[in-house]
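Everything below concerns the one structure shown next.
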Amino acid sequence: METQLNIRPRHENTSTHRIGIAVDSSCDLTPEFICKHGIEILPIYINHADGTFHDVRNPDAMKAFYKGHTRERFGAAQSEPLSVADVSQIFETAFLPKYDRVNVITINSRKSQVYNRVTEAAMINEPKFRDKSKRETPFRIRMLDSYSMFSGHAVLVCEFAKLIHEKREAQAKAIARINTLRDKVYGYIVPFDLSYMRERRHLRKGDHKISWLSYKLAEAFGINPVIELHKGETQAFKKAKGYNNALKELFDHAKSSILSGLATDTIVMSYGGLLEDIQHNPDLVAFRQFAKQRGVKTMLSMMSATAAVNVGPKAFSLAFAREDH
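Residue numbers are given in this note's numbering: position 290 of the sequence shown equals residue 302, and the series is strictly consecutive.
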């Protein structure tokens, strides 16, 4: 699903345009990457028992969130995207003065209303900006649905930022690449606490692929699933005895995919907690070394608060884009 607003003529030169990249805060990118590429973050609100948390990928706020996370506070929390009015204000006050072109890459539209709300705001405001602005270069917004979430969403953003900021590709060429790439993105989640996911199942949009019986059997025998997201669809992918063994299964699968051939040079990972609690995990360390030796970069960030309230603290996410085999 993709929306192009105010389609430009084919001959228009974009080489001198100020091009921005915006994502919603569920996209699992490191603070360093966000800063380096000037990624704009669209907040998501998390309504919980004690109030509202603004998920904006602020590192200090995320650390505080994980330190203060309890099931009593966040077990029934719900994430809420920005309203159309909120997005409109961000467009006018933050994006319009800085950019000529903004590419908004969002979480899978089947799982969240972010794409629809930002698209509506763009359709309402782009004509207004054109009419009231004396700018020589019209302000334009391009919407892209990632078909993915969390680390999978980030894989596409990493590639897009590299094409725009490092390779200096034309925007149209970079967008065409992302449109081709998103069907090749495979995202995985290893939940830590299955009972948390089971209790929240009715709150997660479109989550119907893992049954109540599957949860009960997994709990009874200490089985941890590896959940796969591909082309917007979620399904159980692998099972293992315990969380650490499920992580190892996931890393082995990622190693195999590296050897078979990836479609980009970056694997993105995120953890639903403080990074010092996971970054020295022996299997993770060995996997990152394996990838490095084969020319594949790995990025590890804190999982967004939005993801954590839906899949549970200490969940682990990994994604890559794989060539068809």
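We treat Cβ as the ideally placed atom computed from N, Cα and C, and that holds for glycine. Values in this document were obtained by computation on a predicted structure and should not be read as measured data.
If contacts are defined as beta-carbon pairs under 8 angstroms, then residue i and residue j qualify, I think. What distance do you get, rounded to the angstrom?
i      : j      : result
ILE117 : LEU156 : 5 angstroms
LEU94  : LEU54  : 6 angstroms
ASP264 : GLY307 : Not a contact, Cβ separation roughly 19 angstroms.
ARG194 : SER160 : 7 angstroms
LYS260 : ASP205 : Contact doesn't hold; Cβ gap of about 19 angstroms is too wide.
LEU286 : LYS75  : 6 angstroms
ARG69  : TYR208 : Going by Cβ atoms, the distance from ARG69 to TYR208 rounds to 22 angstroms, so no, they are not a contact pair.
PHE151 : ASN115 : Contact flag wrong, Cβ pair sits at about 13 angstroms.
Taking residue i as the reference, give the member of the options with the closest Cα.
i      : options                          : result
PRO139 : LEU287, THR82, ILE153 and MET314 : ILE153
ILE46  : ILE33, GLU261 and ILE56          : ILE33
SER272 : VAL323, MET314 and ALA333        : ALA333
SER6   : ILE58, THR131 and ILE290         : The structure shown has nothing for residue 6, since the chain only spans 13 to 337.
ARG85  : GLU104, LEU286, LYS251 and HIS60 : HIS60
GLY87  : ILE58, ASN115, ARG113 and TYR111 : ILE58
ASN341 : GLN101, ASP112 and SER124        : This structure cannot speak to residue 341, because the chain is shown only from 13 to 337.
GLU52  : ASP72, HIS29 and PHE103          : PHE103
ARG122 : THR246, TYR255 and PRO43         : THR246
PHE249 : ASN293, GLY50 and TYR198         : TYR198
LYS174 : LYS304, GLY50 and PHE302         : GLY50
Buried or exposed: residue i, going by 16 or more other Cβ atoms within 10 Å of its Cβ?
i      : result
ALA317 : buried
LYS179 : exposed
VAL297 : exposed
THR64  : exposed
GLU240 : buried
ARG147 : exposed
GLN183 : buried
HIS242 : buried
THR28  : exposed
PRO325 : buried
THR131 : buried
If you measure between the beta carbons of residue i and residue j, is that distance less than 8 angstroms?
i      : j      : result
SER282 : TYR200 : no
GLY80  : ALA331 : no
VAL167 : ALA133 : no
VAL96  : ASP36  : no
LEU262 : VAL238 : yes
SER38  : ALA319 : yes
PHE299 : LYS251 : no
LEU108 : PHE141 : yes
ARG113 : ILE235 : no
GLU181 : ALA275 : no
GLU92  : ILE56  : yes
ILE176 : ALA186 : yes
ALA258 : VAL202 : yes
GLY284 : MET315 : yes
In the DSSP output, which residue or residues are listed as bridge partners for residue i?
i      : result
LEU94  : Looking at the DSSP assignment, LEU94 forms no beta bridge with any residue, so it has no partner.
ALA76  : Per DSSP, none; premise fails for ALA76.
VAL238 : LYS250
LYS110 : Answer by DSSP bridge pairing: none, since LYS110 is not bridged.
ALA331 : GLY199 and VAL280
LYS243 : Partner(s): none; LYS243 has no beta bridge.
ALA320 : Looking at the DSSP assignment, ALA320 forms no beta bridge with any residue, so it has no partner.
MET315 : DSSP output for MET315 lists no bridge partner at all.
PHE65  : ILE58
ALA34  : GLU52 and VAL116
LEU206 : Answer is none; LEU206 lacks a bridge partner.
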